[in-house]
Amino acid sequence: MAGASQPANFSDIRCDIPEFKGDNYKVWKERILLHLGWMDIDYAIRKDEPPAITEESTPAAVALYERWERSNRLSVMFIKTKVTAGIRGSVDQHENVRDLLKAIDDQFVTSEKALASTLIMKFSSYRLTSVKGVREHIMKMRDISAQLKKLEVDMSESFLVHYILNSLPAEYGPFKISYNTHKDKWSINELMTMCVQEEERLLMEQGESALLTTTRGKNKAIKTDKAQANQKGKFKIPPQGDIKKEDKCFFCKKGGHMKKQCPRFKEWLEKKGYAKPKEASGK
């Protein structure tokens, strides 16, 4: 009938399925089963293998077996193309699609346990080492928790909140005490909001502390320079012009007057008959 939609051909289907690498098993298997069903070749996965064809088989039995055989063959080929070479070599080769999926399941159980152990070690050792980056820190721990949940290693939100708080640095100490004394429990989203606010407060506090330290350092340097200048000033020799000479008579060797003013010098001049000083002669 013209205009009627035709069933999709096998060659027309484009499958967006990632290669199975061990850590993406659940997503990989979901998409494999979805696409095999979409292509209508999942009959061998859903139904048991019918009896083999014999000369006595009826046409219905032959048709049923051929349908199962085609589904099984195409499914095995399709699955093998979506498994990496490394894993394909470690999985037992099977021509039955059910047996092949079970072998991959068994392989995945081992990989799943190893991955869970790795994630648990990563989660337990994850710490925030500075005040900055608390949002990214919480998001990473939340992501690891989500991966563990997919591996059936579940943890409650209350436990996750407490564990994240314990992974924060010492600067968040008062913040932790505040939460522990708080009656209400926080969700992860509430914890993230409160931690971001606390991060901003701590960064502002650190900035003010750094500014105060810098100011104190400058003031201390100025005081030190002044103190050193004062110490140098104590030992500074004053200019010669500032030194007041003490009056001393070179005749009688006594202080308090000069030679020309010395009474004994004047008497000596009179005895020797020398001319009197200008003041005495009137000149």
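First residue of the sequence shown? That's 0 in numbering that gives the first Met the number 0, and the numbers climb one at a time after it. Using N, Cα and C, we set each Cβ at its ideal position, and we do this for glycine too. As the structure is a prediction and not an experimental result, all values here were calculated from the model.
Spatial distance of residue i from residue j (CA atoms)
i      : j      : result
His136 : Ala145 : 14 Å
His256 : Cys248 : 6 Å
Met76  : Met154 : 39 Å
His34  : Ser123 : 38 Å
Pro168 : Glu198 : 11 Å
Ile348 : Met193 : The shown model of the chain, from 0 to 282, leaves out residue 348, and the question about it has no answer.
Arg69  : Val96  : 11 Å
His93  : Ala102 : 8 Å
Asp104 : Tyr42  : 19 Å
Lys252 : Gln260 : 13 Å
Gly206 : Ile187 : 28 Å
Asp47  : Val61  : 15 Å
Ile86  : Met38  : 25 Å
Trp67  : Glu111 : 32 Å
Thr83  : Thr57  : 41 Å
Gln196 : Thr180 : 18 Å
Lys28  : Arg45  : 15 Å
Asn71  : Met138 : 44 Å
Ile143 : Met120 : 10 Å
Ala59  : Val152 : 48 Å
Gly172 : Gly36  : 55 Å
Residue j beta carbon less than 8 Å from that of residue i
i      : j      : result
Ser166 : Leu127 : yes
Lys81  : Phe174 : no
Leu147 : Leu190 : no
Ala113 : Leu150 : no
Val133 : Leu202 : no
Where residue i sits in the DSSP three-state scheme
i      : result
Lys101 : helix
Phe250 : coil
Val26  : helix
Val82  : strand
Ile242 : Only weak support is given to the placement of Ile242: the predicted model assigns it a pLDDT of 48, under 50, and the question is left unresolved by the model.
Same chain, Cβ closer than 6 Å to residue i, five either side skipped, listed in chain order
i      : result
Asp98  : none
Leu63  : Pro49
Phe107 : Tyr24
8 Å contact criterion, which residue i and residue j should meet: CB distance rounded
i      : j      : result
Ile40  : Ser74  : 6 Å
Phe264 : Lys270 : Not confirmed; about 11 Å, so no contact.
Ser157 : Lys184 : 6 Å
Close-in-space but distant-in-sequence residues of the same chain around residue i (CB under 8 Å, 5 per side omitted)
i      : result
Met140 : Phe122, Tyr125, Leu159, Tyr162, Ile163, Ser166
Val26  : Pro17
Glu170 : Val130, Leu201
Asp15  : Arg30
Val90  : Val82, Leu99, Ala102, Ile103, Gln106
Phe250 : Lys258, Cys261, Arg263, Phe264, Trp267
Cut-off 7 Å between Cβ atoms - residues of its own chain near residue i, not counting five sequence neighbours on either side
i      : result
Glu204 : none
Glu65  : none
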